[in-house]
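Notes follow once the structure below has been shown.
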Amino acid sequence: MNRLPLRERNRQRNGQRIVDAAFALFHTTGYTQTTMDAIAEKAEVSRATLFNYFPTKQALLMQLTSTLYREHVQPEIQSYLDTQPGTVQALHRLFMSIHEHILMVPDLYRALQEEFFHHEPGGEKDAGTGFLETLLAILASGKRRGELRSDLPLEKLAHYIGALYVSVLFLPLERQVEPGVLTHYRAEIDTLLAFLDTALNPGVSQRNEKDKIDDR
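6 is the number of the first residue of the sequence shown in my numbering; add one for each residue after it.
And the structure:
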């Protein structure tokens, strides 16, 4: 088994220490109030080192989100897929896991919203979190069971679902409820999943509607 060189191991440790320090400060102080100087001090690194790893606080925010996703959400969904859930059930579990492990930190959620609506054009919102990868795994599982439409590739379906989820997750700032309050999240997710239940396999939905008419 190859072992990373000492320099690379030290770099990874420093990066993780910075992320851990930022997460702790975002919890206690809030994202907006937390300064890069405070993060450097808590992580016990110099300002130069901090900016070498993360040139902006926004970059650190996205890395933190990616870390939370890969450490908590992704493993949970991978294990859940082993139980062979339906496609819509698996999507529900994914969206609720994101809520539990990432969005329940109110200031982090608000910061992600602000970052989303003020990002540079052409920015990739997946940003290496693994979200699209998880969507593809869910869809591939559904396809093997014949639950998905066959006229669109899985990659396109995954991007469509991701775009719809983001539109629910990141409402325009003027339409937000009180910052950090996610009261409507479950209802919005239920509405989205009801739509996807039909959109992912319209043939099944049409057959079900025909059966209902024939039974009358």
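Note that the Cβ used here is the ideal one computed from N, Cα and C, for glycine as well.
Discussion item. Assuming Y85 and F136 are in contact, meaning their beta carbons sit under 8 Å apart, how far apart are those beta carbons, in whole angstroms?
Written reply: Contact between Y85 and F136 is absent: CB atoms are separated by about 15 Å, not below the 8 Å threshold.
Discussion item. Quick check: the Cα distance between L159 and P207, rounded to an integer number of angstroms?
Written reply: Separation of L159 and P207 (C-alpha to C-alpha, rounded to the nearest whole angstrom) is 15 Å.
Worksheet entry | First and last residue of the uninterrupted alpha helix (DSSP H) at G20 | Secondary structure note for G20: its alpha helix (DSSP H) is the uninterrupted segment 11-33.
Discussion item. Using a Cβ distance threshold of 8 Å, determine whether the segment 16-28 contacts the segment 41-55, with at least three qualifying pairs required.
Written reply: Enough Cβ pairs lie closer than 8 Å, so yes.
Worksheet item: If you draw a straight line from the C-alpha of R12 to the C-alpha of Y58, how long is it?
Response: When rounded, the distance between both Cα atoms is 14 Å.
Worksheet item: Distance, Cα to Cα, R115 vs S172?
Response: Taking the straight line from one Cα to the other gives about 15 Å.
Practice prompt. Assign R75 to one of three DSSP states: helix, strand, or coil.
Written response: Reduced to three states, the DSSP call for R75 is helix.
Discussion item. Which same chain residues end up closer than 6 Å to R16 when comparing Cβ atoms and leaving out the 5 residues on each side of it in sequence?
Written reply: No residues qualify anywhere along the chain.
Discussion item. Looking at the secondary structure, which residues open and close the alpha helix (DSSP H) in which F200 lies?
Written reply: In this chain, the alpha helix (DSSP H) harbouring F200 covers 190-204.
Item to complete: May I ask you to report which of helix, strand or coil DSSP gives D42?
Response: It is helical.
Discussion item. So, for Q79: in the same chain, excluding its five sequence neighbours on each side, which residues have a beta-carbon less than 7 Å away from its beta-carbon?
Written reply: For Q79, where only same-chain residues beyond five positions count, the Cβ hits under 7 Å are G135, T139.
Worksheet item: Taking C-beta to C-beta, are I194 and H97 nearer than 8 Å?
Response: Cβ distance < 8 Å, so I194 and H97 count as in contact.
Discussion item. For A145, which residues in the same chain have their Cβ closer than 8 Å to its Cβ, ignoring the five residues on either side in sequence?
Written reply: Once the five neighbours on either side are set aside, the close Cβ partners of A145 are L159.
Worksheet item: Measuring CB to CB, does L117 end up less than 8 Å from T61?
Response: No; because the gap between Cβ atoms is not below 8 Å, this pair is not in contact.
Discussion item. Is the separation between the beta-carbon of A163 and that of L197 shorter than 8 Å?
Written reply: With respect to L197, A163 sits apart: the two C-beta atoms are not nearer than 8 Å.
Discussion item. I'd like to check one pair, F31 with L113: are the Cβ atoms closer than 8 Å?
Written reply: In this structure, L113 places its C-beta atom within 8 Å of the C-beta atom of F31.
Discussion item. Using C-beta distances below 8 Å, list every residue in its chain close to E148, excluding the 5 sequence neighbours before and after it, in chain order.
Written reply: Rather than Glu, the amino acid found at residue 148 in this sequence is Lys. Same-chain partners within the cutoff: L159.
Discussion item. Check this for me: beta carbons of Y190 and H104, under 8 Å apart or not?
Written reply: Going by C-beta atoms, Y190 is nearer than 8 Å to H104.
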